Each structure stands twice: as structure tokens, then as C-alpha cells.
Amino acid sequence: LSSALKILFHLPRPYWVIPGVRALATHPSSAFPSGHALGAVTFWGLLAAGIRRRGFTLLVATLVISIGASRIFLGVHFPSDVIAGFGFGLLILILFLALEGPVGRRVTALPLSWQILLAFAGSIALALASFVALVAIGDWQVPAAWAEAAGRPIDPLGLGDAMTAAGFFLGFAAGAAAGPRRMNICAGAWPARLLCFVLGLAVAWVIWFLPGLIIQPDPGLLAHALQYLRATATATWISYGAPAVFART
Numbered sequence: 002l003s004s005a006l007k008i009l010f011h012l013p014r015p016y017w018v019i020p021g022v023r024a025l026a027t028h029p030s031s032a033f034p035s036g037h038a039l040g041a042v043t044f045w046g047l048l049a050a051g052i053r054r055r056g057f058t059l060l061v062a063t064l065v066i067s068i069g070a071s072r073i074f075l076g077v078h079f080p081s082d083v084i085a086g087f088g089f090g091l092l093i094l095i096l097f098l099a100l101e102g103p104v105g106r107r108v109t110a111l112p113l114s115w116q117i118l119l120a121f122a123g124s125i126a127l128a129l130a131s132f133v134a135l136v137a138i139g140d141w142q143v144p145a146a147w148a149e150a151a152g153r154p155i156d157p158l159g160l161g162d163a164m165t166a167a168g169f170f171l172g173f174a175a176g177a178a179a180g181p182r183r184m185n186i187c188a189g190a191w192p193a194r195l196l197c198f199v200l201g202l203a204v205a206w207v208i209w210f211l212p213g214l215i216i217q218p219d220p221g222l223l224a225h226a227l228q229y230l231r232a233t234a235t236a237t238w239i240s241y242g243a244p245a246v247f248a249r250t
């Protein structure tokens, strides 16, 4: 969703348009809204909603604000980008918390094949949102001055992040649906659990990074499809593959 919003608004990062801004980090996508701010609110907010302890909630609020402030300090976002990211993230979080219960119960009551089909449909919807945003902006072109000021290649209309997010959605959702509801993973001493964690992380690293060596950074359909499959495979290993393997150890 963040990728679709970035394409739809296609607003510049500070160091693309203000000569005096020295960016301490760079990113090729457009600035509005801040994906880090949006992601921080949804991820940490969901944890806070689940734990429901005042001290942890205050810690989460401090962390989220710090993440947003760091994006401004790094010179990659205007304050408005971060505020918008917080706003969109909060909206998504509220909608998820309101719908997760009733919708989740209906989905989990469906046969596994239907659950996986819904996961696939959801991932396609996420990808299509960015394609629709790209169509909506018409023939808008990236100003040459932005690319010149950035000093590095920029791609405000790129679809790579959208395909990655869509693939992750499919992999995590389908993997969670296919896995047992109760699974005892590495139920041994801490050394055994640590070994499971390291091995699982290593396999995820291989699945994610090795295909990246052959996927060319071009906007072609094949590259987008490979990026989608790469993200799907990585997320499926994390949500289903690793738990299934290590549950037997």
C-alpha cells in the first residue's frame, strides 16, 4: 500500500529539490508518505495492541516517534511525509484491529485451498494497487532536476517494492494458513533453539539474496514476476518451511 501511495503522490525527497540538504541515506522511491513511519505504526502498534501494557505502549510510542524523526534527520523525508506515514499507518492499524477478528474467523473456517487462493488474490490486489496508481498519474515524467540533484539513480515510479510486498503477503498468509495451529518448534535447550534460529535465518538469506544476483534491475514484466516469486519463497520459508522443519528436530 505504501508503494501505491508513493506512486500516486510522486512527491520528491528533500535532497532531490533542496540543494542545501545533505542526505545521510538515499532511496530511489518518492517520499510521500514515509514508508518507515507507516510501517513503524502498523508493526509496533499491533504489538502494543496485543500486549496491552502501559509501559510497553509508551515505549512503542517513543520508538515510533524516534523512527519518524530519524527519517527527517537523515534528509530523506519532509515532516509532512512522516506525519502522513503516521496517519496512514494508524488508519491501517485501526482497520486491521476492527476486521481481523470477524474476517479472520470466516477465513480460517474455509478449506485450506480457499485460504491460499484468498492469500493469492490479496497479493495480486496489493500489486494491482500500484499499477492502478501508475495509470492514474498518466504521462507524468520524473523531472530531470530531481535526478541530477539526487546524485544517484532514482525511480519514483518503480514497481519493485510493490511486487516485493505482494510476494511477502502471499508467502506469509499462505504459509500461516498451511501450517499447524499449534507447533512445538525446537522444544529443547537454548543452544538447540539458537541453532534453529541461525539455520532458519541462513536459509532465508540464501532464498532472498541468491535470486537477487540474477534478477536484473529493470522495469520489465519478467523482473517483476521474479521479484514476486523471490519474496513469496522467502516468506513461505519463514512462515511455514522453517517451523515445519524445526518442529521435527
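What the sequence shown shows, in this note's numbering, is residues 2 to 250, in sequence order. In this text, a Cβ means the ideal position worked out from N, Cα and C, and glycines have one as well. These numbers come from a predicted model, not from an experiment.
Residue state for ASP140 is assigned as coil, using DSSP reduced to three classes. Separation of ARG106 and LEU6 (C-alpha to C-alpha, rounded to the nearest whole angstrom) is 30 Å. Burial check for VAL61: the Cβ neighbour count within 10 Å reaches 16 or more, so the residue is buried. Distance from LEU158 to VAL143 at the Cβ level is roughly 7 Å; contact confirmed, criterion being Cβ atoms closer than 8 Å. Rounded to whole angstroms, GLN228 and MET164 show a C-alpha spacing of 6 Å. Judged by their CB atoms, ALA234 and GLY172 are nearer to each other than the 8 Å cut-off. Of TRP147, ALA179 and PHE170, the smallest CA-CA separation from TYR16 is found for TRP147. With respect to the 8 Å criterion, LEU113 and ALA177 are not classified as neighbours on the basis of their beta carbons.
Here ILE125 is near ALA167, since their CB atoms are less than 8 Å apart. DSSP, reduced to helix, strand and coil, places LEU25 outside both helices and strands of the structure shown, so it counts as coil. Straight-line measurement puts the Cα of PHE198 at about 36 Å from the Cα of ALA85.
Residue range 55-74 is occupied by the alpha helix (DSSP H) that includes SER71.
Comparing alpha-carbon positions, the option among ALA50, PRO20 and ILE239 lying closest to LEU98 turns out to be ALA50.
Boundaries of the alpha helix (DSSP H) harbouring ILE8: 3-10, taken from the DSSP string.
Here DSSP, grouped into helix, strand and coil, assigns ASP156 to coil.
Annotation for ASP162: SER4 and SER30 place their beta carbon closer than 7 Å to its own, counting only its chain and skipping 5 residues before and after. For HIS37, the enclosing alpha helix (DSSP H) stretches over residues 36-52.
Annotation: the continuous alpha helix (DSSP H) that includes HIS225 extends over 222-237.
For ILE84, the enclosing alpha helix (DSSP H) begins and ends at 80-109. According to the DSSP assignment, ILE208 belongs to the alpha helix (DSSP H) that extends over 191-213. Taking a 10 Å sphere around the C-beta of THR63, we find fewer than 16 other C-beta atoms and assign the residue as exposed. In the three-state reduction of the DSSP assignment, ALA248 falls in the coil class. The beta carbons of LEU59 and ALA32 sit about 29 Å from each other, so the pair does not count as a contact at 8 Å.
Counting along the chain, ALA175 sits inside the alpha helix (DSSP H) bounded by residues 161-179.
Non-local C-beta neighbours of ALA130 in its own chain, meaning closer than 7 Å and more than five positions away in sequence, comprise LEU2 and ALA5, ordered along the chain.
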